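Same order as they appear, the protein sequences are chains W and C. So the first sequence is numbered by this note's numbering: it starts at 237 and just counts up by one. So the second sequence is numbered by this note's numbering: it starts at 406 and just counts up by one. Contents: one structure, followed by commentary.
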Amino acid sequence: MISMIPLVPILPLVGALIIGLFGKRIQATIGEFATGVLGCAMPGLAALISFGSFFELIARPATDRIIVSHLAPWVSVADFQVEWAFRYDPLSAMMLMIITGIGTLIHVYSMGYMHEDPSYWRFFSYINLFLGAMLLLVLGDNLLIMFLGWEGVGLCSYLLIGFWFNNPDYAYAGRKAFIVNRIGDLGFLTGMFTLILFSAANFEVVTLSFGELQGRMDTLAQYTLWGFPVLEVAAFCFFVGAIGKSAQIPLYVWLPDAMAGPTPVSALIHAATMVTAGVYMIARMYFMYSLAHFTLEFIAIIAALTCFFSATIGMAQFDIKKVLAYSTVSQLGYMFLAMGVGAYSAGTFHLLTHAAFKAALFMGSGSVIIAMHHEQDMRKMGGLLKKMPITGWAFIFATLAIMGFPGTSGFFSKDEILEKAFEESVWLWLVGFIVAGMTSFYMWRAVFMTFFGEFKGDHHTWEHCHEQPKRTVVPIAILAALALSLGFLNVPDFMGGDYSFSRYLSPVVKNLEEAQVHGMPDSIDGEQHAPVHAEEHGDLLIEVGLMVGSVTWTLLTAFLAYYLYLVNPKAREALMSRAGPQAVFKVLNNKYYVDEFYDLVVVGPLKKCYAFMGDFDKYVVDGAVNLAGYVGRGLGILAGFLDQHIVDGAVNEVAWASQTTGKGFSLLQSGRIQALVGATLVFFAAVLTVWIVYL
Amino acid sequence: MSLSLVLAISAGLFALGTMMFVVKKNLIAILMGVELLMNAAALNFMGFSYYSPAKGHPLDGQVFALFVILIAAAEAVVALGIAIAVYKEFGHVSADKLSQLEG
């Protein structure tokens, strides 16, 4: 199965091509269902290969789990040699399973969600293309292929956010996502160029492959660029890329707007896979980040801020998808927090669990939205659990996971992050801790507003509201089950586990503390290091204390949501009627006016700048051009006069001369054949005479 | 008979042919002149071949004479065809009046 790994990204790309070229005809002639099945087939096959390969991978010895398949040369310019190569190792195997597994479930779900959409085929073509690009990003063995995938997912994100482009707002959201991501991509490119520059200066050949980069880190670490260590500069630039792609402050603004796309897109691209590309990138390049301590600190601070601010915004949103969007930003902040404190495996594990529960939440919300006839406002919902039991319970289980209820996946992953943050700095932990409570609050608020209490919409909608078909609810149920159970992959040692997930990742991703203890690993497939031991057993008390603390705190805020939104809404209304809370709510509901701020500070001046440049163009540049035009025209008239009377005169004289000569010579051609023959004879006789007489 | 006599007859024929070619106005007569020219040439071949044959190839001149007769026949066909075509086009075969190629 492992030898078939190159097929994994190729299959969805082929699917995208087929559906893109023939999908419209297939949908028109055979029907919508066939298009959907075709769309699900390729991701399904890719998922089969991914899972099969995974079991083959874990059967191998831990030192032999990196398989690089070299396919073909790509860029070959002097000593810059980049090839098409895929890297299959524990990290990419995990990402592959997330992408193809959740991807396939979401494809099946989409068959129900996109039902009766005229552009059904276009949707499946785009989302297949997205899967292909994302798999390239994850499987690429060098930075260039990763960048190719990075751009590919950005493109598909743009296409899918603006999927219903007839609505100008949606099209605008697509453009916004694309342009904001572009800023981040510039960072990624700059980082790549920095590495190429210093790698080429020191070594014969630059291939940009991760194995090669890792071996060169020690050399690159000795250089500085503009007074900063090269690795800090490169790591920072790459992180700028991650800020854009993974929606961190200050570039997070595109993600909430991205909810304009169809809900399966939000679940797959803007929750489970694409937005986690930044986290994956840092895990993939952990060897660089481990040597860039300032950048790591910067990441941790940005992550903590993102985590906090987006959670506060999430508490004051009424659109169910917006709540989930801000929750995603906040959870991504958690992941980067783990990355920032050097706990790469914890961040990656949260990536995995978050993919499961957030996809389940988004798909649940999508199911609700369809049942409510595209109503997204939670103030018009309520009591839907009775109508949609499967969706409702799946949503509730996923909410349990995201709040970190003991035993669920979020419990293990979030707790590990908080614990690692605590070891690094109490302040980082405090932010994470507070946000955990806020997460619990806004998620239960969403649950209570949507699935419990009285229905607040109109009677007609209530009558028509019903559970969705199987192909919609079964994927949600599967994901909810995963959200509950995935956590047991990484049970901490003080709870009787052995951090199996961290150990699984350890051949390719080593946490900061571990790397410091063992020194930088020389080669990526060196001997396996000991499993991650967070702390000695003396800290057991702290670990358990932190855990109990966060569980209590999240339960408390969950109860607060229960009280304010279900038991006693009067108390909430009384609270909200006061001026202070109202003002706070208004700021939060308007997302701290960040969009307005960007409009004022960035977009406005840019527009003014463009207007100025437009005027400059119109009056100065165009004026100069017009002046040059008039001068040229004057010169042209003069030249024309000269041409007509002097140059043409000469030419005409020459022509007349040749014509006259030609006429003279033409008289020789009498056309009388006998005259010609006579002349020939006379000439011949003359030549003969001369020859006889003189020779 | 000697070679010089044969050459003299041949030169006479050639002169007659040339005169006919240059002086006669009728295309047919001009063609007849051309025939005389070719026969003069053939007679030359015959004379040289007969009186001073090439070593090892004594019949070369005779064979050339046969070729000349053959070519003369072919040429007469083409030339008469042209003459008939000219007559159909212009209604006459007078070389003097056929001066369309005049410059």
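Just so you know, even glycine gets a beta-carbon here, dropped at the ideal spot from N, CA and C. As the structure is a computational prediction, the values presented were derived from the model and not from experiment.
Between the CA atoms of residue j and residue i - distance to the nearest angstrom
i	j	result
GLY185 (chain W)	PRO486 (chain W)	Here chain W comprises residues numbered 237 to 931, so residue 185 (chain W) is not present and cannot be evaluated.
SER435 (chain W)	PHE684 (chain W)	56 angstroms
ASN431 (chain C)	ASP884 (chain W)	51 angstroms
VAL823 (chain W)	PHE545 (chain W)	12 angstroms
ALA445 (chain C)	VAL427 (chain C)	16 angstroms
GLY646 (chain W)	VAL311 (chain W)	43 angstroms
LEU421 (chain C)	GLY898 (chain W)	37 angstroms
GLU763 (chain W)	VAL837 (chain W)	Residue confidence for GLU763 (chain W) is low, a pLDDT of 40 falling below 50, so the modelled location carries little weight; the figure read from the coordinates is stated next. Approximately 52 angstroms, taken between the alpha carbons.
THR340 (chain W)	MET382 (chain W)	22 angstroms
PHE917 (chain W)	ILE487 (chain C)	With the sequence shown as reference, residue 917 (chain W) is identified as Leu, and Phe is not the correct amino acid for it. Those two C-alpha atoms are separated by around 24 angstroms.
MET624 (chain W)	ALA457 (chain W)	57 angstroms
LEU431 (chain W)	THR675 (chain W)	39 angstroms
GLU655 (chain W)	ASP851 (chain W)	58 angstroms
TYR570 (chain W)	PRO492 (chain W)	17 angstroms
GLY785 (chain W)	HIS700 (chain W)	44 angstroms
GLU703 (chain W)	TRP629 (chain W)	12 angstroms
VAL250 (chain W)	HIS343 (chain W)	16 angstroms
TYR492 (chain C)	VAL498 (chain C)	6 angstroms
PHE530 (chain W)	PHE474 (chain W)	14 angstroms
MET406 (chain C)	ILE476 (chain C)	28 angstroms
SER601 (chain W)	SER502 (chain W)	10 angstroms
VAL710 (chain W)	HIS609 (chain W)	20 angstroms
MET428 (chain W)	GLN567 (chain W)	27 angstroms
GLY410 (chain W)	LEU395 (chain W)	7 angstroms
ASP734 (chain W)	THR644 (chain W)	17 angstroms
ARG418 (chain W)	ALA528 (chain W)	24 angstroms
HIS754 (chain W)	LYS746 (chain W)	Bear in mind that a pLDDT of 47 at HIS754 (chain W), under 50, signals an unreliable position, so the model cannot answer this.
ASN826 (chain W)	TYR349 (chain W)	30 angstroms
THR426 (chain W)	ILE712 (chain W)	40 angstroms
HIS769 (chain W)	SER526 (chain W)	Confidence at HIS769 (chain W) is low in this model, with a pLDDT of 47, below 50, so its placement is unreliable and no value can be given for it.
Terminal residues of the beta strand (DSSP E) in which residue i lies
i	result
PHE572 (chain W)	Note, PHE572 (chain W): premise wrong, no beta strand (DSSP E); alpha helix (DSSP H) at 556-576.
Where the alpha helix (DSSP H) through residue i begins and ends
i	result
GLN458 (chain W)	It is not in any alpha helix (DSSP H) - GLN458 (chain W) carries neither H nor E in the DSSP assignment.
THR531 (chain W)	529-550
GLY733 (chain W)	Taken as a continuous stretch (DSSP letters only), GLY733 (chain W) belongs to no alpha helix (DSSP H), as it is neither H nor E.
PHE724 (chain W)	It is not in any alpha helix (DSSP H) - PHE724 (chain W) carries neither H nor E in the DSSP assignment.
GLN704 (chain W)	No alpha helix (DSSP H) contains GLN704 (chain W), which DSSP labels as neither H nor E.
SER813 (chain W)	805-813
GLN910 (chain W)	909-930
THR675 (chain W)	662-687
GLU292 (chain W)	268-295
GLN263 (chain W)	243-265
LEU800 (chain W)	Taken as a continuous stretch (DSSP letters only), LEU800 (chain W) belongs to no alpha helix (DSSP H), as it is neither H nor E.
GLN905 (chain W)	Per DSSP, GLN905 (chain W) belongs to no alpha helix (DSSP H) and is neither H nor E.
THR635 (chain W)	625-639
PHE598 (chain W)	580-607
MET524 (chain W)	522-525
TYR488 (chain W)	Careful: TYR488 (chain W) lies outside any alpha helix (DSSP H) and carries neither H nor E.
LEU341 (chain W)	339-349
TYR834 (chain W)	830-834
Beta-bridge partners of residue i, as assigned by DSSP
i	result
ARG323 (chain W)	W:VAL304
ALA459 (chain C)	C:HIS462
GLY872 (chain W)	Partner(s): none; GLY872 (chain W) has no beta bridge.
GLN317 (chain W)	W:SER312
SER499 (chain C)	C:ASN431
ASP851 (chain W)	Paired residue(s): none; ASP851 (chain W) is not in a bridge.
ASP613 (chain W)	W:ASP555
Under 7 angstroms by beta carbon: chain C residues contacting residue i
i	result
GLN895 (chain W)	Near GLN895 (chain W) there are no residues of chain C at all, since even the closest Cβ is about 13 angstroms away, more than 7 angstroms.
ILE928 (chain W)	Within 7 angstroms Cβ-Cβ: nothing; ILE928 (chain W) doesn't reach chain C, min ~15 angstroms.
8 angstroms Cβ cut-off: residues of chain W touching residue i
i	result
VAL427 (chain C)	GLN910, VAL913, GLY914 and LEU917
ALA562 (chain C)	This structure cannot speak to residue 562 (chain C), because chain C is shown only from 406 to 508.
Contact test: residue i Cβ vs the ligand COA heavy atom, cutoff 7 angstroms
i	result
SER289 (chain W)	Among the ligands in the structure shown, none appear at all, so the ligand COA cannot be discussed.
Interface partners of residue i on chain W, CB under 7 angstroms
i	result
LEU506 (chain C)	GLN905 and GLY907
List in chain order: all unbroken alpha helix (DSSP H) runs of 4+ residues lying wholly within the segment 425-484 of chain W. 446-456 and 466-481
If we require 4 or more residues per run, which alpha helix (DSSP H) segments fall completely within the segment 370-413 of chain W? 379-397
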